[in-house]
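Colleague: Provided herewith is a single structure, encoded as structure tokens, for subsequent inquiry.
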Amino acid sequence: MRFFSRLAPPYRVVAIAAPVLLAVHVTALVWALIDPETPATIADKDFANYWMAGRLVHEGRFMDLFGPQSVYFSHLADAFGADFPWHNWSYPPHYLLLVWPLGFLSYEVAMLLFLLSTGTLFLLALRGFARQAGPIAWVSAGPFVAHNFWAAQNGYLTAALALGALGLRDRRPVLAGVLLGLLTVKPQLGLLFPFLLVAERRWSMIASAASTTLALVGGSAVIFGIDAWKGYLDEVVPYQSLVMRALEGTFLLMMPSVFGALRGWHVASDTALALHLFVAVPVALATSVAFFRVADAHYRTALFLLASIIVTPYALSYDMGTLVPALALLAAGETVAGSGGRSRAALLAIAMLLPVLMIPFGSIGIPLAAPVLLAVYVLTLAEARMFGRISAPSQDDVGMSPSSATAP
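Counting with our numbering, you get residues 1 to 408 for the letters of the sequence shown.
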């Protein structure tokens with residue numbers, strides 16, 4: 001309670017709202033577990049794709065994942081009923097190496113175990129950053145944890161991989177590279193890692209990540225066949241491009257990028273992508289320069305993690321777990337009420353709440369995430385004093401490792 005009383009008021013809102021939302025979602029899932037049927041409220045989740053993929057692997061029909069989407073969807077309709085909303089498969093073959101065990105279990109049990117296990121991995125990955133940011137890290141995590149539990153997506157897993165790779169790269173670079181290689185199941189979330197690793201001359205981690213990626217691709221080709229990769233490139237990738245460029249719906253409200261905001265306003269996809277790149281390219285360049293110019297490790301962490309979400313056109317609200325330590329590190333110096341400025345605390349608190357605010361605000365035509373994240377990024381650049389002495393990060397410079405970063 002002492003910590004709560006010392007929080008700036010905006011962070012108190014976050015600290016109260018997140019547990020309430022999580023309790024509601026957990027209650028809904030537990031209720032579904034005791035329901036003899038599978039309620040639509042938990043069947044209509046992206047997790048249905050993971051569970052169905054596991055079943056198709058066990059049935060030897062995994063190639064239906066990499067053929068026409070209508071063939072794949074027919075399996076979902078058979079499992080959940082003719083009224084089941086449209087879902088499509090979007091992952092590369094090596095993702096099957098991670099989700100095939102789900103096919104052994106009933107849908108509800110598989111979902112619960114998946115969320116609990118991957119959620120635990122996320123919290124373990126966050127723990128290293130929490131040592132530096134303090135309890136505000138767990139406050140910052142609350143909205144994302146609640147939202148991904150509702151979405152039943154792989155956000156816990158991908159955030160754990162990205163944060164694990166970031167946090168371990170100094171002490172255990174080979175393991176960090178393995179985690180980064182695993183993140184290639186969603187490569188759009190790691191676009192800036194190569195720039196960071198080259199800037200810091202993390203050659204062993206680069207080699208480990210490349211080797212892991214090759215092993216995953218090669219292993220999946222051996223297990224599932226070359227045709228699985230051919231189907232992925234010929235069928236899945238073009239369809240996913242169509243989703244980005246042409247389809248509309250709730251998923252547009254869940255995209256934090258400039259591209260997603262403009263698509264939500266019915267801007268043509270080519271124009272939206274061009275305007276997104278107009279923002280993303282300078283952000284990527286500024287972040288790359290920051291690896292050399294910004295002396296404070298916490299600010300480099302925040303800039304890297306913020307930019308990683310800003311630059312990719314195709315991330316969604318459940319992919320925003322990597323922002324948790326960034327926002328926590330920025331908020332760590334102003335958790336005491338009255339310090340740091342109310343407007344700054346309010347901005348960071350809104351950023352923490354974005355996973356649960358994006359859909360309601362987007363539904364009334366306000367794409368909240370893109371401007372808020374850009375504002376936080378610009379604020380961080382200003383506070384980090386970008387135009388200081390240039391110095392190349394090295395292996396001896398522990399960089400952004402949460403185990404050894406110095407406080408801002």
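Even for Gly, the Cβ is constructed at its ideal location relative to N, Cα and C.
Quick one: grab the DSSP three-state call for K230.
Modeller: Three-state result, K230: helix.
Colleague: Mind pulling the alpha helix (DSSP H) runs of 4 or more residues that sit fully within the segment 5-57?
Modeller: You should have 9-33 and 40-43.
Colleague: Determine the DSSP secondary structure at F3, reduced to helix, strand or coil.
Modeller: In this structure, F3 counts as helix in the three-state DSSP scheme.
Colleague: Please return the same chain residues whose Cβ sits closer than 8 Å to the Cβ of L273, not counting the five positions on each side in sequence.
Modeller: Correct list, in chain order: F259 and P313.
Colleague: Excluding five sequence neighbours on each side, which residues of the same chain lie with their C-beta closer than 7 Å to the C-beta of V135?
Modeller: The residue you asked about is not Val; residue 135 is Pro in the sequence shown. Once the five neighbours on either side are set aside, the close Cβ partners of P135 are F3.
Colleague: Secondary structure at W100, three-state DSSP: helix, strand or coil?
Modeller: Of the three classes helix, strand and coil, the one that applies to W100 here is helix, per DSSP.
Colleague: Which of the three DSSP states, helix, strand or coil, is assigned to W89?
Modeller: Three-state result, W89: coil.
Colleague: Less than 7 Å separating the beta-carbons of S90 and Q188?
Modeller: Contact flag unset, no.
Colleague: Going by DSSP in three states, T335 sits in which element: helix, strand or coil?
Modeller: Because T335 carries a pLDDT of 45, less than 50, the predicted location of this residue cannot be relied on, and the following value inherits that uncertainty. Coil, per DSSP.
Colleague: Start and end of the alpha helix (DSSP H) containing N154?
Modeller: Counting along the chain, N154 falls outside any alpha helix (DSSP H), and DSSP gives it neither H nor E.
Colleague: Only counting runs of 4 or more residues, tell me where the alpha helix (DSSP H) segments fall wholly within the segment 114-186, in order along the chain.
Modeller: List check, alpha helix (DSSP H) in window: 136-151, 155-168 and 173-182.
Colleague: With a threshold of 6 Å on Cβ separation, who are the neighbours of R263 within its own chain once the five nearest residues in sequence on each side are excluded?
Modeller: Correct list, in chain order: L252 and A272.
Colleague: Which residues in the same chain as A176 place their Cβ atom closer than 6 Å to its Cβ, once the five residues preceding and following it in sequence are excluded?
Modeller: Around A176: A165, L168, R169 and M205.
Colleague: Do T118 and L161 count as a contact pair if the criterion is CB distance below 7 Å?
Modeller: Not a contact, by the Cβ cut-off of 7 Å.
Colleague: Of the choices F278, E248, A286 and A280, whose alpha-carbon is the least far from that of H266?
Modeller: Nearest option by C-alpha distance: E248.
Colleague: Rounded C-beta distance between I310 and L323? I'm assuming under 8 Å.
Modeller: Actually they are not in contact, since the Cβ atoms of I310 and L323 sit about 10 Å apart, beyond 8 Å.
Colleague: What number of angstroms, rounded off, separates the C-alpha of A152 from the C-alpha of Y299?
Modeller: If I take the Cα positions, the gap works out to 31 Å.
Colleague: State the Cα-Cα distance for the pair A261 and D319, rounded to the nearest angstrom.
Modeller: When rounded, the distance between both Cα atoms is 16 Å.
Colleague: For H58 versus L76, is the C-beta distance shorter than 7 Å?
Modeller: No, Cβ-Cβ distance for H58 and L76 is not below 7 Å.
Colleague: What three-state label does DSSP hand M111 in the structure shown?
Modeller: Correct three-state label for M111: helix.
Colleague: Can you give me the Cβ contacts of Y95 inside the same chain, cut-off strictly under 7 Å, excluding the 5 residues immediately before and after it?
Modeller: If we look at Y95 and ignore the five residues flanking it on each side, its Cβ neighbours are V185.
Colleague: Can you list, in chain order, the residues of its chain whose CB lies under 6 Å from that of G155, leaving out five sequence neighbours each side?
Modeller: Cβ within range, chain order: N148, Y318, D319 and G321.
Colleague: Going straight from the alpha carbon of L163 to that of A133, what length do you get?
Modeller: Rounded to the nearest angstrom, the two C-alpha atoms are 14 Å apart.
Colleague: Leaving out the 5 sequence neighbours to the left and right, which residues in its chain are closer than 8 Å to V198 when beta-carbon positions are compared?
Modeller: I206.
Colleague: How is A246 classed by DSSP in three states: helix, strand or coil?
Modeller: Note: A246 maps to coil in three-state DSSP.
Colleague: My guess is that L329 and A302 are in contact by the Cβ rule of under 8 Å, so how many angstroms apart are they, rounded?
Modeller: 5 Å between Cβ atoms; contact.
Colleague: Write down every uninterrupted run of the alpha helix (DSSP H) in the segment 316-366 whose length is 4 residues or greater and which is fully enclosed by it, in chain order.
Modeller: Runs found: 323-331 and 342-362.
Colleague: Can you tell me the Cα-Cα spacing of A110 and S5, whole angstroms?
Modeller: Near 39 Å, if we compare the C-alpha coordinates of S5 and A110.
Colleague: Buried or exposed: T213, going by 16 or more other Cβ atoms within 10 Å of its Cβ?
Modeller: By the neighbour-count rule (16 or more Cβ atoms within 10 Å), T213 is buried.
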